[in-house]
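The structure appears below as structure tokens.
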């Protein structure tokens, strides 16, 4: 299971996104998809791994804010225990009435993969569980 946390900040006028996935799962997916050997958290870890992470997330994750397709900025990643945390941001958002998320992270290599989405816009919290068959949902606020 992966967790995607979405938070709209009216102060910074941005949608901030944090995704956490199990390190071995994301490593398996990227190694197979891009014919590489990431070797995360080892001395042999690929120096340009952020290029592959950003490419993968751009292929598997799509957002619409208020029905308009929005690209996210890849801020970076952190390792914590067995998890990788990815930090993304969608800028120049004045208000959020709805967010549509399409999340196909890991479903190609793990057919039973589930991706939990938790969001907060103002004081409204919404959650949805996505999977390989139902990978897209619109959350209205």
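Numbering (the working numbering), first residue to last: 2 to 142. A virtual CB, placed ideally from N, CA and C, is assigned to each residue, including glycine. As the structure is a computational prediction, the values presented were derived from the model and not from experiment.
Residue i versus residue j - alpha carbon distance
i: residue 98; j: residue 44; result: 45 Å
i: residue 69; j: residue 38; result: 36 Å
i: residue 126; j: residue 4; result: 15 Å
i: residue 61; j: residue 30; result: 11 Å
i: residue 36; j: residue 119; result: 32 Å
i: residue 92; j: residue 76; result: 12 Å
i: residue 27; j: residue 79; result: 13 Å
i: residue 96; j: residue 142; result: 10 Å
i: residue 137; j: residue 40; result: 31 Å
i: residue 58; j: residue 106; result: 7 Å
i: residue 132; j: residue 116; result: 6 Å
i: residue 121; j: residue 6; result: 8 Å
i: residue 50; j: residue 128; result: 30 Å
i: residue 34; j: residue 90; result: 24 Å
i: residue 18; j: residue 87; result: 8 Å
i: residue 25; j: residue 66; result: 31 Å
i: residue 112; j: residue 42; result: 26 Å
Where residue i sits in the DSSP three-state scheme
i: residue 39; result: coil
i: residue 54; result: helix
i: residue 59; result: helix
i: residue 31; result: helix
Distance CB(residue i)-CB(residue j) smaller than 9 Å
i: residue 188; j: residue 71; result: Residue 188 is absent from the structure shown; the chain starts at 2 and stops at 142.
i: residue 73; j: residue 100; result: no
i: residue 11; j: residue 123; result: yes
i: residue 85; j: residue 9; result: no
i: residue 102; j: residue 140; result: yes
Buried versus exposed, by CB contacts within 10 Å (16 or more), residue i
i: residue 13; result: exposed
i: residue 130; result: exposed
i: residue 1; result: The shown model of the chain, from 2 to 142, leaves out residue 1, and the question about it has no answer.
i: residue 52; result: exposed
i: residue 21; result: buried
i: residue 135; result: exposed
i: residue 104; result: buried
Problem set entry | Uninterrupted beta strand (DSSP E) stretches inside the region 85 to 140 (no shorter than 3 residues) | Runs found: 99 to 104, 115 to 122 and 125 to 132.
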